[in-house]
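Worksheet for the structure shown next.
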Amino acid sequence: MKKLYVILLFCFASILCQAQDSVDDALAYQYYQQGQYQQAAILLEKLFNKTKSDAHFELYFNTLLKLKKFDEAEKLLKKFKKQDGKNLEYGISLARIYQDKGQIEAANKQYMQVINNLPADEFKIREIANIFYNIQAYDLAISAFLQGRKLLNDPKPFTYELLSIYRYKKDKNMLVQEYLNALPEIPQLLPQAESVLATIFEDNADYQILQSALLKKIQKEPQTEIYTKLLIWQYLQQQEYDMALRQLIAQDKRLKDDGAILFNTSNIFLDNKAYPVAIKAYEYLLTKGKQNEYYLPAKVEMINAKYQLVVAGQYDKKAMTELATEYQSIIDEYGKNRQTLFALKKLANLQAYYLNDLSKAENALENMLTVSGLSATETGQLKLELGDVYILTKQPWEAFLIYEQVAKQFENQDIGNEARYRSARLSFYQGNFAYAKSQADVLKASTSQLIANDALNLSLLLSDNLQSPVDSNALKMYADAEMLQFRNQPKQALAKLDSIDIDFPKNSLVDDILMAKSKIYIKNNDISNAVTALKALTEQQTTSIWADDALFTLADIYEKDLKDTEQAKKLYQKLINDYPGSMFAAEARKRFRKLRGDNIGT
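Under mature numbering (1 follows the signal peptide of the UniProt record, and there is no 0), residues -19 to -1, 1 to 583 are what the sequence shown spells out, in order.
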């Protein structure tokens, strides 16, 4: 019984002791967190002497440094270093004392001694480097990892750690080198490399670092395909599309590829309006022959790229005629059916708006409506395009009837709302402002944001400019100019817009005229005049209904046409701040973040 009592007493004492240690531990940590280092030091010294744990030592050592008790800390460290000379952590702590005392040379000497004494042990090397990292000695962490590679006689370990540190330090040269060294062995790193480099690179000079390094690697290791892939990405980032295409074709020939990579990348050329480069890409794909699975898609996309050049005003009349012939050749070869509907529509568009062959366009669209197998939506869309051609052929009543037909068939659907909007627009062209406004007011609630925005703009245009006889007459001239632009007669449209101020001084259409002119300039690739008009609008007409639209359009020009990313960022930021409710705000925010270098997964 007495023996049992002694055992119980011992256990109770042990529990009490552990409980007291827990209390001291919590209290010491609390003192440390609150900056009460003197009280923390007393408890931590007691706890460390009792537990000899690394955690208590680290906290006690840091407390001594906070209290500037350097001699006491040094004495403690030298004692432990003497007991365990192989513990490199003590050497790092001793260097920290010298560093805090201002003895930088002695600190650096001690740090290098630690690195030079690293064992050929991957785990220990990583442990020491991580200590350097945790005390924000990033260059020393790098040195430890690089020394570790020498000791292990292996360039592959510590890749992810070094990439992380180089990225944090924004050391672009070393980050590039580390990725290039790693990619042949770890090709799955390529998407991460592209994302990280896009984030950290700030200008073309940074991309030149990558390009120079890649070209050297490719010269030494031409068979390493991952370098070519990254080089193509680099050219695309810099919008050097011709160079990207050259590499893509060379890669396609080396790999004897089926053309999939090249065909998919051509979409990037199209998205960035690099139509001539896209056309070259498709022409190369056509050389693979009709048996290739990308032959027909490439032929179709090549013609569509040429069509985009026409729309952008970069093709002359002869080229347009040749393009029409190419569309006709597709129709002749594959017949008039649902699969060739795209060619039929594009051909009719060329005939109507660019080749001044309105009767052919009208007949083509009317004949298309008889093609079997068309869906109701496809038929409805054809009717809308036919209605537009009726306007060009001066048959407004026929246009109105066909718009109304589609509107009734697709009530409360996007295509039906589009038909109602076109009907309202036609009424506007004809000067029937009351009917146009009544239709526009209904469409402001459309589920399609684009239609709703167009309807809102038309409604506001009418309500803002019918306040006086002068404004009403000016609006009639403005409607005439819009009709001329609709008929693809830009010179006449600009002349009409310029004459409004002459005939009706001090009218209320200043902002509308500037926006209309900018759209004409952009369509005709007259970037300089477009910028001038948009700047005048954004700087002088800040309360205009077109202000946010003009800001976004101007930013887009600076980003894509003028390659001035800083100015584009400023304009996107202004749009986000000044017009948060704009339909362009979300896209502006996305583009701003991308230009700033944020990783947004796109």
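Using N, Cα and C, we set each Cβ at its ideal position, and we do this for glycine too.
Every value quoted in this text rests on a predicted model; they were computed, and no experiment measured them.
Tell me which residues share the same chain as residue i and place their Cβ nearer than 7 Å to its Cβ, disregarding the 5 neighbours each side in the sequence.
| i | result |
| --- | --- |
| Val451 | Phe485, Asn488 |
| Leu373 | Ala333, Leu339, Arg468 |
| Leu447 | Phe414, Ser453, Leu456 |
| Tyr341 | As written in the sequence, residue 341 is Lys, which differs from the Tyr given in the question. Taken in chain order, the residues that qualify are Gln332. |
| Gln20 | Tyr12 |
| Met224 | Tyr216 |
| Lys550 | Phe573, Leu576, Arg577 |
Is residue i near residue j, with beta carbons less than 7 Å apart?
| i | j | result |
| --- | --- | --- |
| Ala460 | Ala474 | no |
| Leu217 | Ala194 | no |
| Glu53 | Leu45 | yes |
| Leu58 | Tyr92 | no |
| Pro168 | Ile207 | yes |
| Leu515 | Ser525 | no |
| Tyr119 | Lys150 | yes |
| Val157 | Ile190 | yes |
| Tyr256 | Val291 | no |
| Tyr410 | Ala436 | no |
| Ala293 | Asn506 | yes |
| Tyr222 | Phe250 | yes |
| Ile78 | Phe61 | no |
| Leu226 | Asp233 | no |
| Leu481 | Met496 | Sequence check: residue 481 is Ile here, not Leu. No, Cβ-Cβ distance for Ile481 and Met496 is not below 7 Å. |
| Gly368 | Ile383 | yes |
| Gly412 | Val387 | no |
| Gln94 | Ala88 | no |
| Thr321 | Ile312 | yes |
| Asp542 | Ile508 | yes |
Using only CA atoms, which one of the options lies nearest to residue i?
| i | options | result |
| --- | --- | --- |
| Leu48 | Gln17, Ser74, Ala76, Leu57 | Gln17 |
| Phe281 | Leu325, Asp445, Lys299 | Note that residue 281 is Val in the sequence shown, not Phe. The residue with the shortest Cα to Cα distance from Val281 is Leu325. |
| Val177 | Leu290, Gly412, Arg148, Lys504 | Arg148 |
| Gln430 | Met564, Thr351, Gln362 | Met564 |
| Gly240 | Thr351, Leu518, Thr268, Asp530 | Thr268 |
| Phe323 | Tyr308, Asn337, Leu336 | Tyr308 |
| Leu518 | Ser509, Ile508, Asp507, Leu532 | Leu532 |
| Arg572 | Glu540, Lys271, Asp233 | Glu540 |
| Leu266 | Thr246, Ala255, Asp252 | Thr246 |
| Lys472 | Ser449, Ile78, Ser444, Lys504 | Lys504 |
| Glu175 | Lys198, Glu183, Gln204, Leu211 | Leu211 |
| Ser74 | Asn43, Gln376, Lys63, Asn97 | Asn43 |
| Asp184 | Gln554, Lys544, Tyr553 | Lys544 |
Which residues in the same chain as residue i place their Cβ atom closer than 8 Å to its Cβ, once the five residues preceding and following it in sequence are excluded?
| i | result |
| --- | --- |
| Leu99 | Leu69, Lys105, Ile106, Ile109, Ala125, Gln128, Gly129, Leu132 |
| Ala433 | Leu424, Lys425, Ala426, Ser427 |
| Gly354 | Asn318, Arg319 |
| Cys(-3) | Residue confidence is low: Cys(-3) scores 42 on pLDDT, short of 50, so the model does not pin down where it sits. No coordinate-derived value is stated. |
| Leu556 | Asp529, Leu532, Phe533, Ala536, Ser563, Phe565, Ala566, Ala569 |
| Glu366 | Lys326, Ala329, Asn330, Leu346 |
| Glu166 | Lys137 |
Taking only three categories from DSSP, how would you classify residue i?
| i | result |
| --- | --- |
| Asn68 | coil |
| Gly270 | coil |
| Tyr275 | coil |
| Glu568 | helix |
| Asn413 | coil |
| Lys31 | helix |
| Asp238 | coil |
| Ile284 | helix |
| Gly397 | helix |
| Leu164 | coil |
| Lys(-18) | Confidence in Lys(-18) is poor, its pLDDT being 44 and thus under 50, which makes the residue's placement too unreliable to answer from. |
| Tyr296 | coil |
| Thr583 | Note that Thr583 scores 38 on pLDDT, short of 50, meaning its location in the model is unreliable; the coordinates nonetheless yield the value given after this. In the structure shown, Thr583 sits in coil (DSSP, three-state: anything other than H, G, I, E or B). |
| Phe(-10) | Note that Phe(-10) has pLDDT 41, beneath the 50 cutoff, so the model's placement of it is unreliable and the number below is only indicative. Three-state DSSP puts Phe(-10) in a helix. |
| Thr140 | helix |
| Glu307 | helix |
| Lys551 | helix |
| Tyr10 | helix |
| Ala122 | helix |
Who are the near neighbours of residue i in its chain, counting only those whose CB is closer than 6 Å to its CB and skipping five residues on each side?
| i | result |
| --- | --- |
| Ser408 | Tyr416, Ala417 |
| Ile29 | Position check: residue 29 holds Phe in this sequence, whereas Ile was assumed. Excluding residues within five positions, the ones whose Cβ falls inside 6 Å are His37, Phe38, Tyr41. |
| Gln522 | Asp492 |
| Pro136 | Arg130 |
| Tyr560 | Asp529 |
Taking 6 Å as the cut-off, does the CB of residue i come closer than this to any heavy atom belonging to the ligand GTP?
| i | result |
| --- | --- |
| Ala300 | By its list of ligands, the structure shown contains no ligand whatsoever, and the ligand GTP lies outside what it can speak to. |
**Message:** Give the list of continuous alpha helix (DSSP H) stretches no shorter than 4 residues that lie fully inside the stretch 462 to 548.
**Reply:** Listed in chain order, they are 471 to 484, 491 to 504, 508 to 521, 528 to 537.
**Residue ranges of each alpha helix (DSSP H) within the stretch 318 to 361, 4 or longer** = Scanning the stretch 318 to 361 from its first residue to its last, the whole alpha helix (DSSP H) runs of 4-plus residues come out as 322 to 334, 339 to 349.
**Message:** Just to confirm the assignment: which complete alpha helix (DSSP H) runs, minimum length 4, are found wholly within the stretch 43 to 105?
**Reply:** Listed in chain order, the complete alpha helix (DSSP H) runs (minimum 4 residues) inside the stretch 43 to 105 are 51 to 64, 69 to 81, 85 to 97.
**Asked** Where are the alpha helix (DSSP H) runs, 4 residues long or more, that stay fully inside the stretch 145 to 189, in chain order?
**Response** List check, alpha helix (DSSP H) in window: 153 to 163, 171 to 181.
**Completely contained alpha helix (DSSP H) runs for the stretch 357 to 392, where each covers 4 or more residues** = Taken in chain order, the complete alpha helix (DSSP H) segments of 4 residues or longer contained in the stretch 357 to 392 are 357 to 373, 377 to 390.
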